[in-house]
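Heads up, the thing below is written out as structure tokens.
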Amino acid sequence: MITRLQGGAGGNTLLSAMGMDPGRYEVWIAGGPGGELWDRARTAGVRTVEIRAFRHVLTPADVVVLWRLVRLVRRERFTIVHTHSAKGGFLGRLAAWLCRTPVVVHTFHGLSFHDRMPQPRRGMYRWLERATRRWAHRYLAVAPRVARQVVEERLAPPGSVLVVPSAVELGRIPDRFDPSARHALGAPPGVPLIGTVGRIDAQKAPLDFVRMAAAVHERFPDTAFTMIGDGPLEGEARRLAARLGVEVRFTGHRPDAAELVAGLDAFVITSLYEGLGRALTEALAAARPVVATAVNGVPDMVEHGATGLLAEPGDPKKLALAVCWLLEHPEEAAAMGRQGRERVRSVFAPEVMCASLDACYRDLLGLPRTWSAPAVTPSHRRTTPADPVRAYTA
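For what it's worth, the UniProt record's numbering labels the leading residue of the sequence shown as 1, then goes sequentially.
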């Protein structure tokens with residue numbers, strides 16, 4: 001189960017469901033309504049269950065959602081329940097525990113709480129995560145730093161966390177600069193184009209992107225800026241850009257965002273917190289020079305000075321200095337892009353992720369592996385399922 005089938009966690013969930021061997025796994029996805037990936041899941045033959053009452057925020061309707069999940073898990077008798085996201089993980093793990101599901105796995109795409117969150121809310125999310133730590137047999141994390149944070153915060157028992165990087169659809173992403181993508185973004189010819197991709201909300205710190213753009217514009221007036229995505233802070237970001245005198249093109253939501261990244265001269269991520277950053281992974285896959293905030297799992301992806309440049313979150317001036325350095329050193333920037341591409345295309349392929357998931361599931365079930373994958377410590381709780389394994393991606 002996943003709270004919403006969108007964004008990085010949604011893309012990870014969809015690729016996982018689509019990539020498992022249909023001869024061995026019958027895969028379902030359940031979660032809240034909305035998100036652009038439900039139709040793709042159904043087209044790929046994945047069984048889907050959209051629960052209308054499922055929302056991102058905590059509401060009394062969550063009792064109804066839990067009841068629906070328990071009914072579903074009991075009726076279908078899933079062998080595996082795999083949960084994603086904070087609320088989806090809490091309700092999904094609880095439903096699986098109530099139904100005595102043989103194998104329960106949860107993926108941390110990042111932490112559900114962070115230092116910039118109000119203390120009461122942060123404390124509640126931390127308590128909920130810790131309360132459910134015994135309800136899964138294996139925990140996965142999308143990056144080594146995320147795994148360390150999970151253990152340090154006591155969100156999972158020691159020795160139960162496995163790192164499985166979140167894959168991206170490499171076949172959809174150009175592996176180098178694409179002039180047609182630049183044209184689609186409406187950039188003027190002959191000027192550098194700096195951009196970002198993501199939901200325009202508090203997590204992504206879009207106002208920091210605008211402030212960064214204004215600072216870069218002072219040193220490089222002939223530079224264009226674009227934000228690919230939409231969200232609740234778009235209006236405020238537009239007003240700030242007008243007040244600072246910098247032109248930023250807002251494209252709105254684009255289903256082809258992964259392809260459009262290849263038209264950028266540099267990709268910037270200004271997030272205040274981020275598990276790994278799907279758009280960042282896609283930018284690296286397209287060999288784009290990147291500047292990113294050093295939060296959560298991002299430094300596992302971006303090695304400062306090798307595959308990109310890092311800056312502290314909430315510091316648009318430092319982000320601007322990094323972007324200016326890339327503009328002043330185009331050969332070094334291109335080399336960083338190439339190194340980033342090689343890293344992503346060797347580690348973040350869907351088949352690598354699905355091989356790791358298959359090995360994890362089969363080890364927990366006490367079955368022999370069919371694909372080579374990193375070692376996983378077997379669970380003490382095992383069962384022999386019917387063939388194919390009924391996997392519920394919750």
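We put the CB at the ideal spot given by N, CA and C, even for glycine.
Since we're looking at a predicted model, the values are computed, not measured.
The Cβ atoms of His109 and Ala205 do not sit closer than 8 Å to each other.
The C-alpha of Ala283 lies about 15 Å from the C-alpha of Pro299. With a contact defined as Cβ atoms closer than 8 Å, Leu280 and Met301 qualify at about 6 Å.
By the CB criterion at 8 Å, Val151 and Pro144 fall outside the cutoff. With 16 or more neighbouring CB atoms inside 10 Å of its own CB, Trp38 falls in the buried class. Assignment of Trp67 by DSSP, reduced to helix, strand and coil, places it in the helix class. With fewer than 16 neighbouring CB atoms inside 10 Å of its own CB, Pro255 falls in the exposed class. Here His114 is not near Thr13, since their CB atoms are 8 Å or more apart.
When DSSP assignments are scanned along the stretch 108-183, the uninterrupted stretches of beta strand (DSSP E) that are 3 or more residues long and fall wholly within it turn out to be 138-141 and 161-163.
Just so you know, the alpha carbons of Glu342 and Arg68 end up roughly 44 Å apart. The C-beta of Val191 has fewer than 16 other C-beta atoms within 10 Å across all chains shown, which makes the residue exposed. Under the rule that a run must span 4 or more residues, the alpha helix (DSSP H) segments found entirely inside the stretch 276-321 read 278-285 and 298-301.
Membership of Arg40 in any beta strand (DSSP E) is not indicated; the residue belongs instead to the alpha helix (DSSP H) covering Trp38 to Thr43. In this structure, Pro350 lies near Leu15, with their beta-carbon atoms less than 8 Å apart.
Every beta strand (DSSP E) of 3 residues or more that sits fully in the stretch 194-252 is shown, in chain order, as 224-228 and 248-252. Residue nearest to His304 within the set Cys324, Gly340, Ala286 and Pro330 is Gly340 (criterion: CA-CA distance). In this structure, DSSP gives Arg55 a state outside helix and strand, which the three-state scheme calls coil.
Non-local C-beta neighbours of Leu276 in its own chain, meaning closer than 8 Å and more than five positions away in sequence, comprise Gly8, His109, Gly110, Val142, Ala143, Val146, Pro165, Ser166, Asn296, Gly297, Val298, Asp300 and Met301, ordered along the chain. The C-beta of Gln119 has fewer than 16 other C-beta atoms within 10 Å across all chains shown, which makes the residue exposed.
Distance from the CA atom of Trp135 to the CA atom of Gly32, rounded to whole angstroms, is 21 Å. For the pair Met117 and Thr48, the Cα-to-Cα distance works out to about 33 Å.
Boundaries for Arg362: no beta strand (DSSP E) harbours it, while the alpha helix (DSSP H) harbouring it runs Pro350 to Leu365, taken from the DSSP string.
Scanning its chain for C-beta atoms nearer than 7 Å, with the 5 sequence neighbours on each side dropped, one finds around Leu327 the residues Pro192 and Phe220, in chain order.
Residue range Ile80 to His84 is occupied by the beta strand (DSSP E) that includes Thr83. An exposed status is given to Pro368, since fewer than 16 other beta-carbon atoms sit within 10 Å of its beta-carbon.
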